[in-house]
Amino acid sequence: MKILVVNVNTTETMTKTIGEAARVAAAPGTEIIPLTPYFGAESCEGNLESYLAAVAVMDRVLAYDGEYDAVIQAGYGEHGREGLQELLDVPVVDITEAAASTAQFLGHRYSVVTTLDRTVPLIEDRLMLAGLDRRLASVRSSGMAVLELESEPERAVEAIVRECELAVTQDRAEVICLGCGGMADLEATVKERTGVPVVDGVAAAVTIAEGLHRLGLRTSKVRTYAPPRPKQITGWPVTTQQAE
Numbered sequence: 001m002k003i004l005v006v007n008v009n010t011t012e013t014m015t016k017t018i019g020e021a022a023r024v025a026a027a028p029g030t031e032i033i034p035l036t037p038y039f040g041a042e043s044c045e046g047n048l049e050s051y052l053a054a055v056a057v058m059d060r061v062l063a064y065d066g067e068y069d070a071v072i073q074a075g076y077g078e079h080g081r082e083g084l085q086e087l088l089d090v091p092v093v094d095i096t097e098a099a100a101s102t103a104q105f106l107g108h109r110y111s112v113v114t115t116l117d118r119t120v121p122l123i124e125d126r127l128m129l130a131g132l133d134r135r136l137a138s139v140r141s142s143g144m145a146v147l148e149l150e151s152e153p154e155r156a157v158e159a160i161v162r163e164c165e166l167a168v169t170q171d172r173a174e175v176i177c178l179g180c181g182g183m184a185d186l187e188a189t190v191k192e193r194t195g196v197p198v199v200d201g202v203a204a205a206v207t208i209a210e211g212l213h214r215l216g217l218r219t220s221k222v223r224t225y226a227p228p229r230p231k232q233i234t235g236w237p238v239t240t241q242q243a244e
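The numbers in this note's numbering rise by one with no breaks, and the one at position 63 of the sequence shown is 63.
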């Protein structure tokens with residue numbers, strides 16, 4: 001099968017990190033196709049950037065000229081999954097929901113550790129909307145910006161691991177979810193320091209997408225995610241309109 005793994009920001013190095021994590025998790029025979037939006041912010045750390053990313057991700061998927069069997073939206077707490085589900089027939093998996101739903105098979109309560117504090121409400125809202133908040137112990141912030149995961153990796157790792165430890169000792173979390181696509185390579189370090197299962201949303205999303213494909217399941221189109229009604233939408237898709 002072929003899975004499109006779409007970064008929500010325009011940082012190519014982060015797309016590469018996400019793509020590599022997806023390939024490690026993928027089963028033999030699964031092809032991972034990482035994509036970077038053509039426009040948007042270099043990192044998503046607030047509502048404006050998140051809504052912009054939602055449009056950019058839909059645009060990038062529509063611009064992809066090839067077959068695929070599933071799409072992964074690789075942004076934690078970001079908007080847009082529902083729009084993709086209206087546009088596409090194939091399964092669409094969001095890494096926020098993939099990580100949280102996986103965590104519930106591994107322990108009674110889970111915590112999410114993310115980047116800046118301002119992203120915490122976005123993640124909390126996303127989990128509540130998905131009905132995954134009942135067993136949420138906490139959403140903790142490392143205080144590190146998304147881009148600092150690459151520019152200051154040692155300091156970022158230490159800050160993230162420290163919050164993961166506090167989630168376990170203070171919040172009584174039994175599972176940790178890494179709350180950023182760019183944290184995909186920290187799983188082993190956090191597990192070693194905390195002693196609890198650690199779920200990377202990218203890896204979880206790949207496994208879920210593969211499972212849905214293997215079961216022959218697709219997004220329901222009878223109501224909520226029915227295709228958009230035919231109408232004129234000025235300037236959309238963005239990339240196609242610019243090319244013309």
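No residue lacks a Cβ here, since even glycine has one placed at the ideal position from N, Cα and C.
Given the structure is predicted, the values throughout are model-derived calculations rather than measurements.
If you measure between the beta carbons of residue i and residue j, is that distance less than 8 Å?
i, j, result
"A70", "P91", "yes"
"S50", "L122", "yes"
"I72", "V24", "no"
"G66", "V113", "no"
"T13", "P34", "no"
"E163", "R140", "yes"
"A53", "G75", "yes"
"D89", "T219", "yes"
"T10", "G29", "no"
"I32", "G19", "yes"
"L228", "E82", "Rather than Leu, the amino acid found at residue 228 in this sequence is Pro. No, the pair does not count as a contact, with Cβ atoms beyond the cut-off."
What whole-angstrom Cβ distance do residue i and residue j have, given they're in contact under 8 Å?
i, j, result
"D200", "E192", "About 15 Å; that fails the 8 Å criterion."
"L84", "V57", "7 Å"
"A100", "C177", "6 Å"
"E210", "A21", "15 Å between Cβ atoms; not a contact."
In its own chain, which residues sit with a C-beta less than 6 Å from the C-beta of residue i, not counting the 5 before and 5 after it?
i, result
"M144", "T115, A156, A159"
"A98", "G201, A204, A205, I208"
"E124", "V139"
"L147", "S43"
"V274", "An answer regarding residue 274 cannot be provided, because it is not within the stretch 1 to 244 covered by the chain."
"M1", "T30, D69, H213"
"V198", "I176, E187, V190, K191"
Whose C-beta lies closer than 8 Å to the C-beta of residue i among residues of the same chain, with five residues either side of it excluded?
i, result
"A173", "G107, R109, Y110, S111, A137, S138, A167, V196"
"T189", "V157, V161"
"V61", "L4, V6, L35, V71, L84, L87, L88"
"P37", "V6, N7, V8, N9, T10, A53, A56, V57, D59, R60"
"L217", "P91"
Could you pull out every residue in the same chain whose Cβ sits closer than 7 Å to the Cβ of residue i, ignoring the five residues on either side in sequence?
i, result
"R135", "Q104, H108, R109, Y110"
"L247", "Residue 247 cannot be examined here, being either before or after the span of the chain that is shown, 1 to 244."
"T194", "C164, E165, V168, I176"
"D171", "S111, A137, S138"
"H79", "S50, Y51, A54"
"P230", "none"
Determine the DSSP secondary structure at residue i, reduced to helix, strand or coil.
i, result
"D59", "helix"
"Q170", "coil"
"V92", "strand"
"E244", "Legend: pLDDT at E244 = 44, less than 50; position of this residue unreliable, value from coordinates given subsequently. Of the three classes helix, strand and coil, the one that applies to E244 here is coil, per DSSP."
"V8", "coil"
"S50", "helix"
"K245", "Outside the shown range of the chain, which is 1 to 244, sits residue 245, and nothing can be said about it."
"A70", "strand"
"L84", "helix"
"I233", "coil"
"E78", "coil"
"E158", "helix"
"E31", "strand"
Any heavy atom of the ligand GDP inside 7 Å of the beta-carbon of residue i?
i, result
"Y38", "The ligand content of the structure shown is nil, which means the ligand GDP is not present either."
- Task: Identify every run of the beta strand (DSSP E) within the segment 96-139, keeping only runs that are complete inside it and at least 3 residues long; order them along the chain.
- Result: Taking only runs of at least 3 residues, the beta strand (DSSP E) segments lying wholly in the segment 96-139 are 110-114.
- Query: If you scan the segment 170-228 from start to end, which runs of the alpha helix (DSSP H) of 4 or more residues do you find wholly inside it?
  - Reply: Runs found: 187-194, 201-214.
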